[in-house]
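Student: Here it is: the structure, laid out below.
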Amino acid sequence: KQFHGDGYHVRVLNQYISQTHSKFRRFLVSVCDVPDPEDRFNMDEYSELLIVHKPIVYISVSELLSTHKLLLDHLDVLSPDPSDPLRVILDDLGPVPPLQDLTGESSADQGAELGKLEVSLTLTNKFDIFSESADQPDTRGLLFSTKQLIVDVIRAQSGDSLSDILRTKTSPDQEVCHNWLVQRRVRQDAHTPEKLRRNQSLVANGSLSLEEKKRKIVRNLRRLEALGVLRPAQTDNQILQMIVKDIRQQRLHRQLRGAELLKLQQTLSRLHEKSSFYSEQVDYYRHYITSCLDNLTNSKSTNKKNEEGREKKKLPTLSYSATRLQDKGVLVEIQDLPTTQFKNV
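This is the structure in structure tokens:
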């Protein structure tokens, strides 16, 4: 928005505003152009399974309420899909509560001070169908096994829907195709390292016939419905969507593993270079210390030889008579001996 007026300073200011407006807009766009959180933090739907300790967020009470209000104010932009999980969470939370409801203080002054109080929130997935306290600890394994069985069946037998495939009787040709696929998998697993081989329960399912697998799929789907993992009216669509998502995630994981493998190879190469450098340094210092010790030993040997040589070159003993010593002023008198007898001493 430009200023009104015909003054020189107004025209100059409006010209500056026009020039910098587009530049500032580009700046704002570049600031908002950020990667997705999943890409930035390298997280996906399976990352939570690998975390030992759940993440903890430290936030003040006032910041928590402000975040709640911002989410409600911009919900249509953040979550246009009516079935978005964010809408479900905000519907459960309801409107933004007053600060006093959280702090328990009625005084405005005390409430403002307590609004700065920092709280710790442990992040938990509200929509996690696998509760750690569930009565069925093997629910996750049951779902995984069921998906693997469905993949085995639909690879050997086609149909309009999963229900049609499960109800349709298996033909001999389909059983032959299924057996061939199973045998090929067994041969592939034989060349797989021990730690990367399939779970024993999946191996046991591989020995079942195509018709037996279909009956087991029906039983497993009913159990998953009873556990609340699948909704009875949408069982087929839900389980197939899970399989599609797994296939898509497998491709993404292969790409990530390839990138990680390249990084590890580069890191290993740099570690080898660093190790070689330190090995050369160790050899250098070892040779340096050895030469110092040799020089020290040679120096001691030389000093010892010099001392021995000096001992061999001692001056001869000189003898003087008492008269000579008296003449030199060295001797004054000898007790009980007259000076006339000095020549005999």
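The UniProt record's numbering puts the first residue of the sequence shown at 1, with every later residue one more than the last. Cβ atoms here follow ideal geometry from the backbone N, Cα and C, with glycine treated the same way.
Give the single residue among 143, 142, 140, 179 whose Cα lies nearest to the Cα of residue 157.
Tutor: Along the sequence shown, one-based indexing puts residue 157 at 157. It is 179 whose Cα lies nearest to the Cα of residue 157.
Student: Determine the burial state of residue 237: buried for a count of at least 16 other Cβ atoms within 10 Å of its Cβ, exposed for fewer.
Tutor: Against the sequence shown, residue 237 aligns to sequence position 237. With fewer than 16 Cβ atoms within 10 Å of its Cβ, residue 237 is classed as exposed.
Student: How close, in whole Å, do the beta carbons of residue 221 and residue 175 come, if the pair is a contact with beta carbons under 8 Å?
Tutor: Translated into the one-based positions of the sequence shown, residue 221 becomes position 221. Translated into the one-based positions of the sequence shown, residue 175 becomes position 175. Actually they do not touch by this definition, with Cβ atoms about 22 Å apart.
Student: Drop a sphere of 10 angstroms on the beta-carbon of residue 148, count the other beta-carbons inside from all chains shown, and report buried for 16 or more, exposed for fewer.
Tutor: Against the sequence shown, residue 148 aligns to sequence position 148. Residue 148 should be labelled buried.
Student: Any idea what DSSP makes of residue 260, helix, strand or coil?
Tutor: To locate residue 260, count along the sequence shown from 1; it is residue 260. In this structure, residue 260 counts as helix in the three-state DSSP scheme.
Student: May I have the straight-line CA-CA distance separating residue 20 from residue 6, to the nearest angstrom?
Tutor: On the sequence shown, position 20 is the one that residue 20 refers to. On the sequence shown, position 6 is the one that residue 6 refers to. So the alpha carbons of these two residues sit roughly 20 Å apart.
Student: How is residue 162 classed by DSSP in three states: helix, strand or coil?
Tutor: Stepping through the sequence shown from its first residue, residue 162 is reached at position 162. Residue 162 falls in the helix class under three-state DSSP.
Student: Whole angstroms is fine: what's the gap from residue 53's alpha carbon to residue 122's?
Tutor: As a first step, residue 53 must be located in the sequence shown, where it is residue number 53. As a first step, residue 122 must be located in the sequence shown, where it is residue number 122. Computed Cα separation, rounded: 10 Å.
Student: Assuming residue 146 and residue 224 are in contact, meaning their beta carbons sit under 8 Å apart, how far apart are those beta carbons, in whole angstroms?
Tutor: Taking the sequence shown and counting its residues from 1, one reaches residue 146 at position 146. Taking the sequence shown and counting its residues from 1, one reaches residue 224 at position 224. The pair is a contact, with the Cβ atoms about 7 Å apart (cut-off 8 Å).
Student: Report the residue from 155, 245, 339 whose alpha carbon sits nearest the alpha carbon of residue 173.
Tutor: Within the sequence shown, the letter at position 173 stands for residue 173. The option with the nearest alpha carbon to residue 173 is 155.
Student: Which residues mark the beginning and the end of the alpha helix (DSSP H) in which residue 323 is found?
Tutor: Within the sequence shown, residue 323 is the residue found at index 323, counting from 1. Taken as a continuous stretch (DSSP letters only), the alpha helix (DSSP H) holding residue 323 covers 322-327.
Student: Report yes or no: do three or more beta-carbon pairs, one from the region 21-33 and one from the region 61-78, lie closer than 8 Å?
Tutor: Taking 8 Å as the limit for Cβ pairs, the verdict is that the region 61-78 does not touch the region 21-33.
Student: Closer than 8 Å is the cut-off here; do at least three beta carbon pairs connect the region 28-36 with the region 58-74?
Tutor: Because the criterion of three Cβ pairs below 8 Å is not met, the region 28-36 and the region 58-74 do not touch.
Student: Helix or strand or just coil, what does DSSP make of residue 57?
Tutor: Here residue 57 is taken as the residue at index 57 of the sequence shown, counted from 1. Reduced to three states, the DSSP call for residue 57 is strand.
Student: Could you check what DSSP says for residue 211 in three-state terms: helix, strand or coil?
Tutor: Start at 1 with the first residue of the sequence shown, and residue 211 comes out as number 211. Residue state, collapsed to three classes: helix.
Student: Roughly how many angstroms lie between the CA atoms of residue 227 and residue 141, to the nearest whole one?
Tutor: For the purposes of this step, residue 227 is identified with residue 227 of the sequence shown, where counting begins at 1. For the purposes of this step, residue 141 is identified with residue 141 of the sequence shown, where counting begins at 1. Whole-angstrom Cα-Cα distance: 13 Å.
Student: Note the first and the last residue of the continuous beta strand (DSSP E) segment covering residue 118.
Tutor: Residue 118 sits at position 118 when you count from the first residue of the sequence shown. Unbroken beta strand (DSSP E) run through residue 118: 118-122.
Student: What residue from 188, 97, 217 has the CA that sits closest to residue 153's CA?
Tutor: Against the sequence shown, residue 153 aligns to sequence position 153. For the residues 188, 97, 217, the minimum Cα distance to residue 153 belongs to 217.
Student: State buried or exposed for residue 335, treating a residue as buried only when at least 16 other CB atoms are found within 10 Å of its CB.
Tutor: Position 335 of the sequence shown, counted from the start, is the residue given in the question as residue 335. Per the 10 Å Cβ criterion, exposed.
Student: Any idea what DSSP makes of residue 230, helix, strand or coil?
Tutor: Within the sequence shown, residue 230 is the residue found at index 230, counting from 1. Correct three-state label for residue 230: coil.
Student: Could you give the distance in angstroms between the alpha-carbon of residue 282 and the alpha-carbon of residue 288?
Tutor: Your numbering for residue 282 matches position 282 in the sequence shown. Your numbering for residue 288 matches position 288 in the sequence shown. Distance between the alpha carbons of residue 282 and residue 288: 10 Å.
Student: Which two residues bound the contiguous alpha helix (DSSP H) that contains residue 189?
Tutor: As a position in the sequence shown, residue 189 is number 189, starting the count at 1. 172-190 is the span of the alpha helix (DSSP H), which, as asked, contains residue 189.
Student: Which one or two residues does DSSP pair with residue 334 in a beta bridge?
Tutor: As a working note, residue 334 is residue 334 in the sequence shown. In the DSSP output, where bridge partners are listed per residue, residue 334 has 337.
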